[in-house]
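Novice: Here the sequence shown is numbered in my numbering, starting from 278 and rising by one per residue.
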Amino acid sequence: MKKLMLLTMLLIFASCLQSCGKKSGSGPGKVDETKPIAEIKTEAATMDVEQLRAIAKKYKDALVARQAEVKKLTDSLAAIPLTEKLGEEAKGLTADIDSLMKSVQALSERFQVYYDQIKAKGGDLKDLAM
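Next up, the structure:
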């Protein structure tokens, strides 16, 4: 009985740790995909090239990570047999892909604001190309 209780507590603890892990968009590399574009344009106009590059790099990194997630999910969806494409697993994957694609679109729009500002100010863009 004690072993069962201990095992249950360990499983609960492990699930808590898993859900508390580093999430996309948290920490020092945080990017905001919900911030209004107009606000971003206003802020970007007052920044110097180095500040713009630093933020654009964060957005680029977030985009690359999200695109990798989309690729992984689309590969999983492609691996599902045709007879199961209308099943719950396929629907869940499709919903996750749709959500990630919205995120990619939002990040792309915000990245482009910083990219355009760097370009307008004559900054180096070679490591920011997508």
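Even for Gly, the Cβ is constructed at its ideal location relative to N, Cα and C.
1) Would you mind working out which of E310, L340, K312 sits nearest L405, comparing C-alpha positions?
2) Taking Cβ to Cβ, would you say V308 is nearer than 8 Å to K335?
3) How would you call Q382, buried or exposed, if buried means at least 16 neighbouring beta carbons within 10 angstroms?
4) Tell me which same chain residues have a C-beta within less than 6 Å of the C-beta of Y391, skipping the five on either side of it?
5) What are the complete alpha helix (DSSP H) segments, minimum 4 residues, inside the segment 303-336?
6) Skipping 5 residues on each side, what residues in its chain have a beta carbon closer than 8 Å to that of M324?
Specialist: Reading off the structure:
1) Locating residue 405 in the sequence shown gives position 128, where the first residue counts as 1. Comparing Cα-Cα distances from L405 to each of E310, L340, K312, the minimum goes to L340.
2) Position 31 of the sequence shown, counted from the first residue, corresponds to residue 308. Position 58 of the sequence shown, counted from the first residue, corresponds to residue 335. Yes; because the gap between Cβ atoms is below 8 Å, this pair is in contact.
3) Mapped onto the sequence shown, residue 382 falls at position 105. The residue is exposed, with fewer than 16 neighbouring Cβ atoms inside 10 Å.
4) Position 114 of the sequence shown holds residue 391. Around Y391: A321, L329, I332, A333.
5) 314-322
6) Stepping through the sequence shown from its first residue, residue 324 is reached at position 47. Correct list, in chain order: I332, Q394.
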